[in-house]
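Input: a single structure, listed below in structure tokens.
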Amino acid sequence: MPTPTFLPARPLFNFHSVIHSHGWYQLAPHQWDEERGVLTIVERLTSGRVVSASIRDGDHSGVILEAQARLGKRDSQELAATVSWMFALDLDLGEFYALADAEPRLAHCRPKAMGRYLRSSTVWEDVVKVMMTTNIQWGGTKRLVASLVSHFGEPLAADGARRAFPQPAAVARSRESTLRKLGLGYRSPYLLQLARGVVAGKFDLDRLKEAGRPTDEVRRDLLALPGIGPYAAATLLGILGRFDYIGVDSEAVRLVSKWFYEGAPVGEKEVNAVFARWGKYKSLAYWFWDYEGKQQTPMEAYEARSGD
DNA sequence: TTCCAGGGGTAGA
DNA sequence: TCTACCCATGGA
0 MPTPTFLPAR PLFNFHSVIH SHGWYQLAPH QWDEERGVLT IVERLTSGRV VSASIRDGDH
60 SGVILEAQAR LGKRDSQELA ATVSWMFALD LDLGEFYALA DAEPRLAHCR PKAMGRYLRS
120 STVWEDVVKV MMTTNIQWGG TKRLVASLVS HFGEPLAADG ARRAFPQPAA VARSRESTLR
180 KLGLGYRSPY LLQLARGVVA GKFDLDRLKE AGRPTDEVRR DLLALPGIGP YAAATLLGIL
240 GRFDYIGVDS EAVRLVSKWF YEGAPVGEKE VNAVFARWGK YKSLAYWFWD YEGKQQTPME
300 AYEARSGD
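No gaps in the numbering here: position 256 of the first sequence is 255 in numbering that gives the first Met the number 0, and each next residue is one more.
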């Protein structure tokens, strides 16, 4: 069997915090085993090989990656680089923690090393998944993503029932009517345009990962994608490690109204005003804020309620 | 049945 | 730049 590989993270790091940073660990093709603390992924490598791998905590200093099949050197290196990206192992949040230490509602961030969002292996996958969170409940997002994976994903050789996330080309070859049958509704033409644009080279999603570019430039590129508006662009910026914009959705409005405006109706402007002082860490402050004063983020509160 | 969801695109002002 | 309106589907 393949040897487990340790992938070091820039301190501070907490495996559990990355997994539970947002809902991605619940979306296909990932499988999360809470008891064992193991995330199982299915990846389609550039060699064309579809592989499964498990990822677990590396003693709060990184992750332990184990492919479930023997891989060549090139495939192994690609898989390691992919997992490093997914867990944002290189992200430095020291400046954010220094600010958070002085704010009681964010003081839990440093001890739990919160701030890294679990990423997908490709920006394409993250863009599609964020698109599937728009104007739909979370249960619907899980259903749509699972449908896309089972319908368009390439199967694992060892287990045909498990598939990788679809390649852009596989979706691009599809039709709008097919996507509608999968339940995507009015998102169908957006996804089709996105996939075809990626295949045609009109949208260069990998360029969004480049760290040197100004955030507003990356944001403009995101907003130019079909089906990606202010909420989705802000969410994707956070996933990319840029925290200047808050993805204002119905949940953000609900939280800010309840905890900062005594239940009065609020909009995007008010949500941004509340967290304006956090500057380039605005969306981290919003997302990891301990609204109820129970040392608990909204995500943790949600998971406690839903039993996840 | 009605409302709305981890909104986006478009037209018109 | 801001607002009104439409968009599919399923859950509450």
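Beta carbons are placed, not taken as given, at the ideal position from N, Cα and C, and that holds for glycine. What you are looking at is a predicted structure, and each value in this text was computed from that prediction instead of being measured.
Start and end residues, beta strand (DSSP E) containing residue i
| i | result |
| --- | --- |
| V41 | 37 to 43 |
| A160 | 158 to 162 |
| F5 | 4 to 7 |
| E102 | Note, E102: premise wrong, no beta strand (DSSP E); not H, not E. |
| Q30 | 30 to 32 |
Residue i classed as buried or exposed, judged by whether at least 16 other C-beta atoms fall within 10 angstroms
| i | result |
| --- | --- |
| D289 | buried |
| Y189 | buried |
| H29 | buried |
| G71 | exposed |
| F5 | exposed |
| H19 | buried |
| G278 | exposed |
| A156 | exposed |
| A87 | buried |
| T45 | exposed |
| A233 | buried |
| G36 | exposed |
| G162 | It should be noted that the sequence gives Arg, not Gly, for residue 162. Burial call: buried. |
| L38 | buried |
| E34 | exposed |
| A378 | Residue 378 lies beyond the stretch modelled for the chain, which goes from 0 to 307, so this question has no answer here. |
| R276 | exposed |
| L178 | buried |
8 Å contact criterion, which residue i and residue j should meet: CB distance rounded
| i | j | result |
| --- | --- | --- |
| P3 | L64 | 7 Å |
| F242 | K281 | 6 Å |
| V252 | V270 | 7 Å |
| S16 | K111 | 5 Å |
| V130 | I238 | The amino acid occupying residue 130 in the given sequence is Met; Val does not appear at that position. Contact flag wrong, Cβ pair sits at about 13 Å. |
| A194 | V170 | 4 Å |
Of the listed residues the options, nearest to residue i (C-alpha basis)
| i | options | result |
| --- | --- | --- |
| H59 | S51, F12, R73 | F12 |
| C108 | A300, E302, P1, W286 | W286 |
| G138 | P213, T234, A300, A27 | A27 |
| A199 | R186, R172, R219, L181 | R172 |
| A8 | R276, D89, K141 | D89 |
| A160 | V50, L178, G278, E291 | V50 |
| G22 | T132, Q67, E34 | T132 |
| V197 | D220, E250, R162, G182 | D220 |
| R73 | G57, M85, R48 | R48 |
| A231 | L105, P110, I135 | I135 |
| M113 | S305, K293, A303, L283 | L283 |
| M85 | M130, R115, A210, G228 | R115 |
| S120 | P213, E34, K208, P154 | K208 |
| D91 | E302, A210, G246, E216 | A210 |
| L117 | P225, L236, L105 | L236 |
| Q294 | L105, Q192, R276, A101 | L105 |
| Q67 | Q25, E216, P1, W31 | P1 |
| G103 | E291, G61, E153, G152 | Just to set this straight, residue 103 is Pro in the shown sequence, not Gly. Nearest of E291, G61, E153, G152 to P103, Cα basis: E291. |
| I245 | P229, W258, K257, P297 | P229 |
| R69 | T214, V170, L181, A52 | A52 |
| R43 | K257, L183, P154 | P154 |
| P213 | G240, E175, A99, W31 | G240 |
Delimiting residues of the alpha helix (DSSP H) encompassing residue i
| i | result |
| --- | --- |
| F95 | 93 to 99 |
| R219 | 214 to 222 |
| D74 | 72 to 85 |
| F179 | The displayed chain sequence assigns Arg, not Phe, to residue 179. R179 -> alpha helix (DSSP H) spans 175 to 180. |
| V62 | Note, V62: premise wrong, no alpha helix (DSSP H); beta strand (DSSP E) at 61 to 66. |
| V49 | Element bounds for V49: not the alpha helix (DSSP H) but the beta strand (DSSP E), 49 to 56. |
| D125 | 122 to 130 |
| S149 | 137 to 151 |
| I18 | 14 to 18 |
| E302 | 297 to 305 |
| L236 | 229 to 238 |
| Q192 | 187 to 199 |
| K281 | 281 to 287 |
| R109 | 108 to 111 |
| W258 | 249 to 259 |
Review point. Between the segment 76 to 88 and the segment 258 to 278, do three or more beta carbon pairs fall short of 8 Å?
Key: no
Review point. Any contact of the segment 90 to 107 with the segment 165 to 182, i.e. 3+ C-beta pairs under 8 Å?
Key: no
Review point. Per the contact definition of three or more C-beta pairs closer than 8 Å, is the segment 253 to 264 in contact with the segment 145 to 160?
Key: no
Check your understanding: Below 8 Å, can you find three or more Cβ-Cβ pairs linking the segment 175 to 189 to the segment 119 to 128?
Key -> no
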